[in-house]
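Peer 1: I have a structure I would like to understand better, so I am pasting it below and will then ask my questions one at a time.
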Amino acid sequence: MRTDTIRAAAVQIAPDLNGRAGTIERVLNAIAEAADKGAEFIVFPETFVPYYPYFSFVLPPAQQGAPHLELMKEAVVVPSPETQAVADAAAKRGVVVVLGVNERDHGSLYNAQLIFDADGTLKLKRRKITPTYHERMVWGQGDGAGLKVVDTRVGRVGALACWEHYNPLARYALMTQHEEIHAGHYPGSLVGDVFRDQIEVTMRHHALESGCFVVNATGWLTEEQIAQIHPDPKLQKAMRSGCMTCIISPEGRHLAEPLTEGEGILIADLDMKLVAKRKRMMDSVGHYARPELLSLNHDARPARTRHATDLAPEPQEDSEDV
Numbered sequence: 134m135r136t137d138t139i140r141a142a143a144v145q146i147a148p149d150l151n152g153r154a155g156t157i158e159r160v161l162n163a164i165a166e167a168a169d170k171g172a173e174f175i176v177f178p179e180t181f182v183p184y185y186p187y188f189s190f191v192l193p194p195a196q197q198g199a200p201h202l203e204l205m206k207e208a209v210v211v212p213s214p215e216t217q218a219v220a221d222a223a224a225k226r227g228v229v230v231v232l233g234v235n236e237r238d239h240g241s242l243y244n245a246q247l248i249f250d251a252d253g254t255l256k257l258k259r260r261k262i263t264p265t266y267h268e269r270m271v272w273g274q275g276d277g278a279g280l281k282v283v284d285t286r287v288g289r290v291g292a293l294a295c296w297e298h299y300n301p302l303a304r305y306a307l308m309t310q311h312e313e314i315h316a317g318h319y320p321g322s323l324v325g326d327v328f329r330d331q332i333e334v335t336m337r338h339h340a341l342e343s344g345c346f347v348v349n350a351t352g353w354l355t356e357e358q359i360a361q362i363h364p365d366p367k368l369q370k371a372m373r374s375g376c377m378t379c380i381i382s383p384e385g386r387h388l389a390e391p392l393t394e395g396e397g398i399l400i401a402d403l404d405m406k407l408v409a410k411r412k413r414m415m416d417s418v419g420h421y422a423r424p425e426l427l428s429l430n431h432d433a434r435p436a437r438t439r440h441a442t443d444l445a446p447e448p449q450e451d452s453e454d455v
């Protein structure tokens with residue numbers, strides 16, 4: 134049963150670039166460490182398992198074949214033993230986990246976010262609706278079915294990945310469902326200081342506008358991993374900084390000093406009474422909305438590539454006694 138105070142954790146660690154098995158082990162270890170610190174809600178970075186496709190940012194398309202195929206091989210199928218391991222860890226420690234994965238669905242990859250409830254139930258699998266820039270060489274598009282807020286043991290939870298937060302209607306779709314805690318995911322170790330600053334502005338703004346808590350996790354790369362992705366020092370600069378792991382209140386305030394360098398787990402307590410305090414003044418989907426002037430058309434149907442129409446059965450003639 135939810136209490137008035139929820140302890141949240143945002144995880145900023147490096148993946149295992151050798152594959153999903155090593156990264157899943159790091160996820161399970163981080164869940165245990167955060168739970169030992171009292172965390173009830175734990176967020177991991179964007180497509181953390183097996184790793185974010187950093188190669189797509191620094192390699193031309195003609196050189197992406199091999200690393201793209203390797204990512205497909207190591208990507209996560211949902212459900213699978215890997216997702217079951219995370220579900221079991223969530224249930225064992227009684228925590229809600231939001232995990233970013235590269236999801237493989239037959240011949241396609243998707244940027245997926247998985248929300249596991251504290252009993253291990255997978256409450257939501259959603260896909261990033263529009264991959265950003267270089268990511269379009271790697272991932273397919275998600276659909277409106279994933280723009281969903283789910284009830285969990287810690288409250289109503291929604292999630293978006295990276296530049297989805299620059300789509301105001303995607304955010305509004307979650308706001309209309311009254312999210313109380315928002316999970317943000319970014320890759321981290323990308324673009325530079327400007328990315329770090331942009332993330333902070335975006336996360337604080339969503340917290341204010343939605344009147345919810347934001348728990349945002351960005352990834353981290355070691356210097357050895359950066360060199361493993363690309364040997365050119367000039368291109369390596371594109372894989373540094375850009376980290377802003379943070380926990381924000383509905384009033385737009387940091388609840389702990391954000392992590393911008395190195396590995397770590399950020400912990401903060403969420404006073405859930407602040408949601409009502411903020412929305413009393415400004416509920417952007419309630420008393421502050423003007424639906425007769427402005428409203429959202431949200432197609433929440435799952436996308437389908439096959440629409441099969443079953444043949445109607447042939448009518449049967451009534452039998453007659455002879």
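134 is the number of the first residue of the sequence shown in the numbering used here; add one for each residue after it. Idealized CB from N, CA, C, for every residue including glycine. These numbers come from a predicted model, not from an experiment.
Give me, in chain order, the residues of the same chain whose beta-carbon lies closer than 7 Å to that of GLU453; leave out the 5 immediate sequence neighbours on both sides.
Peer 2: On the sequence shown, residue 453 is found 320 positions in, with the first residue counted as 1. Per-residue confidence for GLU453 stands at a pLDDT of 49, beneath the threshold of 50, marking its modelled position as unreliable; the derived number appears in the next sentence. Answer for GLU453: no residue qualifies.
Peer 1: What does DSSP give as the partner residue(s) for CYS379 in the beta ladder?
Peer 2: For this step, residue 379 is matched to residue 246 along the sequence shown. ASN349, per the DSSP bridge assignment.
Peer 1: Are GLU166 and ILE398 touching if we call contact CB-CB under 9 Å?
Peer 2: Looking up residue 166 in the sequence shown gives position 33. Looking up residue 398 in the sequence shown gives position 265. Yes, these two residues count as a Cβ contact at 9 Å.
Peer 1: Check for me: the alpha helix (DSSP H) holding LYS258 runs from which residue to which?
Peer 2: Counting from 1 along the sequence shown, the entry for residue 258 is found at position 125. Unbroken run through LYS258 is the beta strand (DSSP E), 255-260; no alpha helix (DSSP H).
Peer 1: Looking at LEU257 and GLN246, is the spacing between their C-beta atoms short of 9 Å?
Peer 2: The count along the sequence shown starts at 1 and reaches residue 246 at position 113. The count along the sequence shown starts at 1 and reaches residue 257 at position 124. Their beta carbons are under 9 Å apart, which means GLN246 touches LEU257 by this criterion.
Peer 1: Hey, could you find the ends of the alpha helix (DSSP H) HIS201 is sitting in?
Peer 2: As a first step, residue 201 is located in the sequence shown; it is residue number 68 there, counting from the start. Per DSSP, HIS201 belongs to the alpha helix (DSSP H) from 198-207.
Peer 1: What residue range does the beta strand (DSSP E) around ASN244 cover?
Peer 2: On the sequence shown, residue 244 is found 111 positions in, with the first residue counted as 1. ASN244 -> beta strand (DSSP E) spans 241-249.
Peer 1: With DSSP as the reference, label LEU307 as helix, strand or coil.
Peer 2: By 1-based counting over the sequence shown, the position of residue 307 is 174. If DSSP states are grouped into helix, strand and coil, LEU307 belongs with the helices.
Peer 1: I'd like the span of the beta strand (DSSP E) that includes LEU280, first residue to last.
Peer 2: Here residue 280 refers to the residue found at position 147 when the sequence shown is read from its first residue. Run containing LEU280: none; DSSP gives neither H nor E here.
Peer 1: Measure the C-alpha to C-alpha separation of ILE175 and THR442 and round it to an integer number of angstroms.
Peer 2: Reading the sequence shown from its first residue, position 42 is the one you call residue 175. Reading the sequence shown from its first residue, position 309 is the one you call residue 442. Approximately 43 Å between the Cα atoms of the pair.
Peer 1: GLU236 bridges to which residues according to DSSP?
Peer 2: Translated into the one-based positions of the sequence shown, residue 236 becomes position 103. In DSSP, GLU236 forms a bridge with VAL209 and TYR243.
Peer 1: Helix, strand or coil: which one does DSSP assign to PHE190?
Peer 2: Counted from its first residue, the sequence shown places residue 190 at position 57. Helix.
Peer 1: Give the DSSP-derived three-state secondary structure of ILE146 in the structure shown.
Peer 2: Working through the sequence shown from its first residue, we reach residue 146 at position 13. The answer is coil: DSSP assigns ILE146 none of H, G, I, E or B.
Peer 1: Just list the residues that DSSP pairs VAL231 with in beta bridges.
Peer 2: For the purposes of this step, residue 231 is identified with residue 98 of the sequence shown, where counting begins at 1. BP columns for VAL231 point to VAL176 and ILE248.
Peer 1: Report the residue from VAL287, GLU357, ASN349 and SER343 whose alpha carbon sits nearest the alpha carbon of ASP404.
Peer 2: Your numbering for residue 404 matches position 271 in the sequence shown. For the residues VAL287, GLU357, ASN349 and SER343, the minimum Cα distance to ASP404 belongs to VAL287.
Peer 1: For GLY273 and ARG411, what's the separation of their Cα atoms in angstroms?
Peer 2: As a working note, residue 273 is residue 140 in the sequence shown. As a working note, residue 411 is residue 278 in the sequence shown. Cα to Cα, GLY273 sits roughly 37 Å from ARG411.
Peer 1: By the three-class DSSP mapping on this structure, what secondary structure does GLY155 have?
Peer 2: Counted from its first residue, the sequence shown places residue 155 at position 22. Helix at GLY155.
Peer 1: Please report the distance separating the alpha-carbon of VAL290 from that of TRP353.
Peer 2: Looking up residue 290 in the sequence shown gives position 157. Looking up residue 353 in the sequence shown gives position 220. Cα to Cα, VAL290 sits roughly 24 Å from TRP353.
Peer 1: When we look at the beta-carbon of HIS440 and count the other beta-carbons within 10 Å, is it buried (16 or more) or exposed?
Peer 2: In the sequence shown, residue 440 corresponds to position 307, counting from 1. Exposed is the call here.
Peer 1: Report yes if the CB atom of LEU232 is closer than 9 Å to the CB atom of PHE177, and no otherwise.
Peer 2: Start at 1 with the first residue of the sequence shown, and residue 232 comes out as number 99. Start at 1 with the first residue of the sequence shown, and residue 177 comes out as number 44. A contact, by the Cβ cut-off of 9 Å.
Peer 1: With the cut-off set at 9 Å, would you say GLY253 and ALA208 are in Cβ contact?
Peer 2: Looking up residue 253 in the sequence shown gives position 120. Looking up residue 208 in the sequence shown gives position 75. No, these two residues do not count as a Cβ contact at 9 Å.
Peer 1: Nearest CA to the CA of GLY321: which residue from ARG373, GLY344, THR285 and GLU356?
Peer 2: For the purposes of this step, residue 321 is taken as residue 188 along the sequence shown, with counting starting at 1. Considering only alpha carbons, the answer is ARG373.
Peer 1: Taking the continuous alpha helix (DSSP H) assigned at ARG226, which residues delimit it?
Peer 2: Looking up residue 226 in the sequence shown gives position 93. ARG226 -> alpha helix (DSSP H) spans 214-226.
Peer 1: Rounded to whole angstroms, what is the Cα-Cα separation between GLY152 and GLU179?
Peer 2: Walking along the sequence shown from the start, residue 152 turns up at place 19. Walking along the sequence shown from the start, residue 179 turns up at place 46. Those two C-alpha atoms are separated by around 16 Å.
Peer 1: Go through its chain and collect everything with a Cβ distance to ALA436's Cβ below 7 Å, but skip five positions before and after it.
Peer 2: By one-based count along the sequence shown, residue 436 stands at place 303. Correct list, in chain order: ASP276.
Peer 1: Suppose you measure from the CA of LEU396 to the CA of GLN358; what does that come to, to the nearest Å?
Peer 2: For the purposes of this step, residue 396 is identified with residue 263 of the sequence shown, where counting begins at 1. For the purposes of this step, residue 358 is identified with residue 225 of the sequence shown, where counting begins at 1. The sequence given here has Glu at residue 396, not Leu. Each residue's Cα considered, the two are about 14 Å apart.
Peer 1: Measuring straight from C-alpha to C-alpha, what distance separates GLY227 and HIS298?
Peer 2: Taking the sequence shown and counting its residues from 1, the one referred to as residue 227 is at position 94. Taking the sequence shown and counting its residues from 1, the one referred to as residue 298 is at position 165. Going from the Cα of GLY227 to the Cα of HIS298 covers about 29 Å.
Peer 1: Would you check if there are 3 or more beta carbon pairs closer than 8 Å linking the region 335-349 to the region 361-369?
Peer 2: Taking 8 Å as the limit for Cβ pairs, the verdict is that the region 361-369 does not touch the region 335-349.
Peer 1: Going by the CB atoms, is the gap between ALA433 and ILE314 shorter than 9 Å?
Peer 2: Looking up residue 314 in the sequence shown gives position 181. Looking up residue 433 in the sequence shown gives position 300. No, the Cβ-Cβ distance between ILE314 and ALA433 is not below 9 Å.
Peer 1: My guess is that ALA303 and ILE248 are in contact by the Cβ rule of under 8 Å, so how many angstroms apart are they, rounded?
Peer 2: The count along the sequence shown starts at 1 and reaches residue 303 at position 170. The count along the sequence shown starts at 1 and reaches residue 248 at position 115. At roughly 16 Å, the Cβ-Cβ gap does not stay under 8 Å, so ALA303 and ILE248 are not in contact.
Peer 1: Count the other C-beta atoms from every protein chain shown that fall within 10 angstroms of the C-beta of SER382, then say buried if there are 16 or more, exposed otherwise.
Peer 2: Taking the first residue of the sequence shown as position 1, residue 382 is located at position 249. That one is buried.
Peer 1: At the level of alpha carbons, what is the spacing between VAL455 and ASP238?
Peer 2: On the sequence shown, position 322 is the one that residue 455 refers to. On the sequence shown, position 105 is the one that residue 238 refers to. Confidence is the limiting factor: at VAL455 the pLDDT is only 39, short of 50, which leaves the residue's position unreliable, though a coordinate-based value still follows. The alpha-carbon atoms of VAL455 and ASP238 are separated by roughly 57 Å.
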